[in-house]
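A.B. asks:
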Amino acid sequence: MRTFIITALFCILFQSQIFSAFSQTANEFYSKGVVEMASNKYSDATKSFTEAIKIVPHFYEALYERGRCYYQLQRYSDAIKDFTEALKYNPDFPDSHYYRALSYTSSGNLVEALNDYNALLEMDPDNIQGYLKRSEVHIQNTKLEKAISDLTSAIDLGHKNPNVFFVRGELYQRLGENKKAISDFSEAILLDPNHANLRYSIAMLYQEEKEFEQADENYSAALELGIKNADIYSRRAECKMQTNKYLEAVDDYTVLINNYRQRNEERYFQRAFAYFSAKEWDAAVKDFTRVISNNMNNQEAYIYRAEAFTYLGKEAQAMSDYRFIIRLNPKNGMVYERRGIMYLEAGRTKDALEDLEQAIKLQPTANAYFYRAAIKDLQGNKKGACEDLQKAMQLGHEKAEERFKSYCN
19 MRTFIITALF
29 CILFQSQIFS
39 AFSQTANEFY
49 SKGVVEMASN
59 KYSDATKSFT
69 EAIKIVPHFY
79 EALYERGRCY
89 YQLQRYSDAI
99 KDFTEALKYN
109 PDFPDSHYYR
119 ALSYTSSGNL
129 VEALNDYNAL
139 LEMDPDNIQG
149 YLKRSEVHIQ
159 NTKLEKAISD
169 LTSAIDLGHK
179 NPNVFFVRGE
189 LYQRLGENKK
199 AISDFSEAIL
209 LDPNHANLRY
219 SIAMLYQEEK
229 EFEQADENYS
239 AALELGIKNA
249 DIYSRRAECK
259 MQTNKYLEAV
269 DDYTVLINNY
279 RQRNEERYFQ
289 RAFAYFSAKE
299 WDAAVKDFTR
309 VISNNMNNQE
319 AYIYRAEAFT
329 YLGKEAQAMS
339 DYRFIIRLNP
349 KNGMVYERRG
359 IMYLEAGRTK
369 DALEDLEQAI
379 KLQPTANAYF
389 YRAAIKDLQG
399 NKKGACEDLQ
409 KAMQLGHEKA
419 EERFKSYCN
């Protein structure tokens, strides 16, 4: 009996020593693989981890690291198998869920990727990368509110990265929540003032919200940071027009004309209108003339050129343009309105009234009623003048209400 016990103890000790030797050899292969991974030698590392796993099949750390190598080598099916095996031996290993989710995403299986991210975050609710990556899956699934929720969780956990605010801002923008989008873009700009795309994006939002000064400022910043294309110059010019910076708009339209030659007829018209708005009549006439030379049927160009001629005291040229448009399109009420105003300012009341009545018949506008009211006033027709002022008010004329209160009450 004593001999049996001694023999048994010897066998146990011998097996323990053999297992220890095997384990030591497995750890050596594992350590070798880790070093190879650090040098981006992923193929070599997989071989080392494989040797370790052959010796100790339940070596979940080696399975996990080999899975990461397979992921880097874009062998996603093999990676998924290794992460699954690692989780079998250690179910409480959140990193295996994380990398298996990445592998599922890369292989297009978003359902399983989402399941893994959910498991990861249940095990580790403070895992910032888990929230960020799960938000990407939600975006691919067009679950924008859920993506926003995950990005918010990452931010609340202290991840103050400008790109996270940028992405969340874009999601708010897609949902039509522009104020929240502007808030996020502003936060991102505070963290990275030299982010050109952020400046461009927030400028477009400000413009959409009709906050033209802020839009102009951010378009200018984006240009200084290197974004130069036709769209940004065109958008900044529009903002400058809205804020009465007409000659600055001229500069942007000139850049478009000289450097981006597509749609040049439209650009010349826009620059002509900017000159017109700045009361640079000669320059406006020159650009409108160029537009007309390329398109004889551009009625708007004729109308504005005629008005510019009027301000320059060139009544004959203005009349010629108005007559041409009327021949081109006898039903263009705007032409009669503009010519009627010109007649009124020249003291030709009868001609002015005829044109304004024709304008109202064809295309009734607040302006036409307002100026016809002025003619009726000159004729002593107070009742008719007040009726026209009321119609001008209804159509939104800025000065009609003030005039009505002082004249008709």
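Counting from 1, position 374 in the sequence shown corresponds to residue 392 in this note's numbering; the numbering is continuous, with no gaps.
Note that beta-carbon positions come from the ideal geometry of N, C-alpha and C, so glycine has one too.
Compute the distance between the beta-carbons of glutamine 317 and asparagine 347, then report whether it is under 8 Å.
C.D. replies: In the sequence shown, the residue the question calls residue 317 occupies position 299. In the sequence shown, the residue the question calls residue 347 occupies position 329. A contact, by the Cβ cut-off of 8 Å.
A.B. asks: Please classify leucine 193: does DSSP put it in a helix, a strand, or coil?
C.D. replies: Position 175 of the sequence shown, counting from 1, holds the residue named residue 193. If DSSP states are grouped into helix, strand and coil, leucine 193 belongs with coil.
A.B. asks: Please work out which residues of its chain come closer than 6 Å, Cβ to Cβ, to phenylalanine 306, disregarding the five sequence neighbours upstream and downstream, and give them in chain order.
C.D. replies: Along the sequence shown, one-based indexing puts residue 306 at 288. If we look at phenylalanine 306 and ignore the five residues flanking it on each side, its Cβ neighbours are Ala290, Ala319, Tyr322, Arg323.
A.B. asks: Rounded to the nearest angstrom, what separates leucine 265 and tyrosine 237 at their Cα positions?
C.D. replies: On the sequence shown, position 247 is the one that residue 265 refers to. On the sequence shown, position 219 is the one that residue 237 refers to. Spanning the two alpha carbons is a distance of roughly 17 Å.
A.B. asks: When you compare only the Cα positions, how much space is there between tyrosine 149 and aspartate 62?
C.D. replies: The count along the sequence shown starts at 1 and reaches residue 149 at position 131. The count along the sequence shown starts at 1 and reaches residue 62 at position 44. Approximately 32 Å, taken between the alpha carbons.
A.B. asks: From Asn181, Val303, Glu235, pick the residue whose C-alpha is nearest to that of leucine 209; which is it?
C.D. replies: What you label residue 209 is simply residue 191 of the sequence shown in a count that begins at 1. Here the closest residue by C-alpha is Asn181.
A.B. asks: In the DSSP assignment, find the unbroken alpha helix (DSSP H) run with glutamine 158 in it and report its ends.
C.D. replies: The sequence position of residue 158 within the sequence shown is 140, counting from 1. Note, glutamine 158: alpha helix (DSSP H), 146-158.
A.B. asks: Which class does arginine 421 belong to by DSSP, given the choice of helix, strand or coil?
C.D. replies: What you label residue 421 is simply residue 403 of the sequence shown in a count that begins at 1. Reduced to three states, the DSSP call for arginine 421 is helix.
A.B. asks: Check for me: the alpha helix (DSSP H) holding leucine 380 runs from which residue to which?
C.D. replies: Residue mapping note: residue 380 aligns to position 362 of the sequence shown, counting from 1. Segment 367-380, the alpha helix (DSSP H) holding leucine 380.
A.B. asks: Going by beta carbon distance, what residues of the same chain come within less than 6 Å of glutamine 288, once the five residues before and after it are set aside?
C.D. replies: Reading the sequence shown from its first residue, position 270 is the one you call residue 288. Tyr271.
A.B. asks: Going along the chain, which residues of its own chain have a beta-carbon closer than 7 Å to the beta-carbon of tyrosine 286, five neighbours each way excluded?
C.D. replies: Within the sequence shown, the letter at position 268 stands for residue 286. Excluding residues within five positions, the ones whose Cβ falls inside 7 Å are Ile275, Asp305, Arg308, Val309.
A.B. asks: Using a 10 Å radius around the Cβ and a threshold of 16 neighbouring Cβ atoms, would you call aspartate 234 buried or exposed?
C.D. replies: As a first step, residue 234 must be located in the sequence shown, where it is residue number 216. Buried, because 16 or more other Cβ atoms sit within 10 Å of the Cβ of aspartate 234.
A.B. asks: With a cut-off of 8 Å on the beta carbons, I'd call alanine 119 and leucine 138 a contact; round off their distance for me.
C.D. replies: Indexing the sequence shown from 1 puts residue 119 at position 101. Indexing the sequence shown from 1 puts residue 138 at position 120. Right, their Cβ atoms sit about 7 Å apart.
A.B. asks: Find out if the Cβ-Cβ distance for the pair alanine 377, glycine 414 is shorter than 8 Å.
C.D. replies: As a first step, residue 377 is located in the sequence shown; it is residue number 359 there, counting from the start. As a first step, residue 414 is located in the sequence shown; it is residue number 396 there, counting from the start. It is not a contact, given that the beta carbons lie outside the stated cut-off.
A.B. asks: Helix, strand or coil for glutamate 235? Go by DSSP, reduced to three states.
C.D. replies: Along the sequence shown, one-based indexing puts residue 235 at 217. Helix.
A.B. asks: Give the single residue among Leu91, Tyr88, Pro109, Arg86 whose Cα lies nearest to the Cα of glycine 76.
C.D. replies: Here residue 76 corresponds to residue number 58 of the sequence shown, with the count starting at 1. The sequence given here has histidine at residue 76, not glycine. Histidine 76 has its Cα closest to that of Pro109, out of Leu91, Tyr88, Pro109, Arg86.
A.B. asks: Taking serine 66 as part of the alpha helix (DSSP H), name the residues at either end of that continuous run.
C.D. replies: Mapped onto the sequence shown, residue 66 falls at position 48. Counting along the chain, the alpha helix (DSSP H) containing serine 66 begins and ends at 60-73.
A.B. asks: Could you round the C-beta distance between isoleucine 73 and leucine 81 to whole angstroms and report it? I think they count as a contact, below 8 Å.
C.D. replies: If you number the sequence shown from 1, residue 73 lands on position 55. If you number the sequence shown from 1, residue 81 lands on position 63. Actually they are not in contact, since the Cβ atoms of isoleucine 73 and leucine 81 sit about 13 Å apart, beyond 8 Å.
A.B. asks: How far does the alpha helix (DSSP H) with aspartate 210 in it reach, from first residue to last?
C.D. replies: Within the sequence shown, residue 210 is the residue found at index 192, counting from 1. Here aspartate 210 belongs to no alpha helix (DSSP H), and DSSP marks it neither H nor E.
A.B. asks: Near glutamine 90, which residues of its chain fall below 7 Å by C-beta distance, leaving aside the five closest residues on each side in sequence?
C.D. replies: Position 72 of the sequence shown, counted from the start, is the residue given in the question as residue 90. Once the five neighbours on either side are set aside, the close Cβ partners of glutamine 90 are Tyr60.
A.B. asks: Would you mind reading off the limits of the alpha helix (DSSP H) that contains methionine 352?
C.D. replies: Indexing the sequence shown from 1 puts residue 352 at position 334. Note, methionine 352: alpha helix (DSSP H), 351-363.
A.B. asks: Roughly how many whole angstroms lie between the Cα atoms of leucine 189 and glutamate 163?
C.D. replies: Here residue 189 is taken as the residue at index 171 of the sequence shown, counted from 1. Here residue 163 is taken as the residue at index 145 of the sequence shown, counted from 1. Those two C-alpha atoms are separated by around 8 Å.
A.B. asks: Tell me whether tyrosine 278 sits in a helix, a strand or coil according to DSSP, three-state version.
C.D. replies: For the purposes of this step, residue 278 is identified with residue 260 of the sequence shown, where counting begins at 1. Looking at tyrosine 278 - three-state DSSP - the assignment turns out to be coil, as it is neither helix nor strand.
A.B. asks: Could you compute how far the alpha carbon of lysine 368 sits from the alpha carbon of aspartate 395?
C.D. replies: Taking the sequence shown and counting its residues from 1, the one referred to as residue 368 is at position 350. Taking the sequence shown and counting its residues from 1, the one referred to as residue 395 is at position 377. Approximately 13 Å between the Cα atoms of the pair.
A.B. asks: What residue range is occupied by the uninterrupted alpha helix (DSSP H) comprising serine 311?
C.D. replies: Here residue 311 refers to the residue found at position 293 of the sequence shown. Here the alpha helix (DSSP H) through serine 311 covers 299-312.
A.B. asks: Which same chain residues, not among the five before or five after arginine 279, have their C-beta less than 6 Å away from its C-beta?
C.D. replies: As a first step, residue 279 must be located in the sequence shown, where it is residue number 261. No residues qualify anywhere along the chain.
A.B. asks: Nearest CA to the CA of alanine 296: which residue from Asp202, Val268, Ala336?
C.D. replies: As a first step, residue 296 must be located in the sequence shown, where it is residue number 278. Nearest of Asp202, Val268, Ala336 to alanine 296, Cα basis: Val268.
A.B. asks: Note down the Cα distance separating glutamate 229 from arginine 253, rounded to an integer number of angstroms.
C.D. replies: Taking the sequence shown and counting its residues from 1, one reaches residue 229 at position 211. Taking the sequence shown and counting its residues from 1, one reaches residue 253 at position 235. Roughly 13 Å separates the two Cα atoms.
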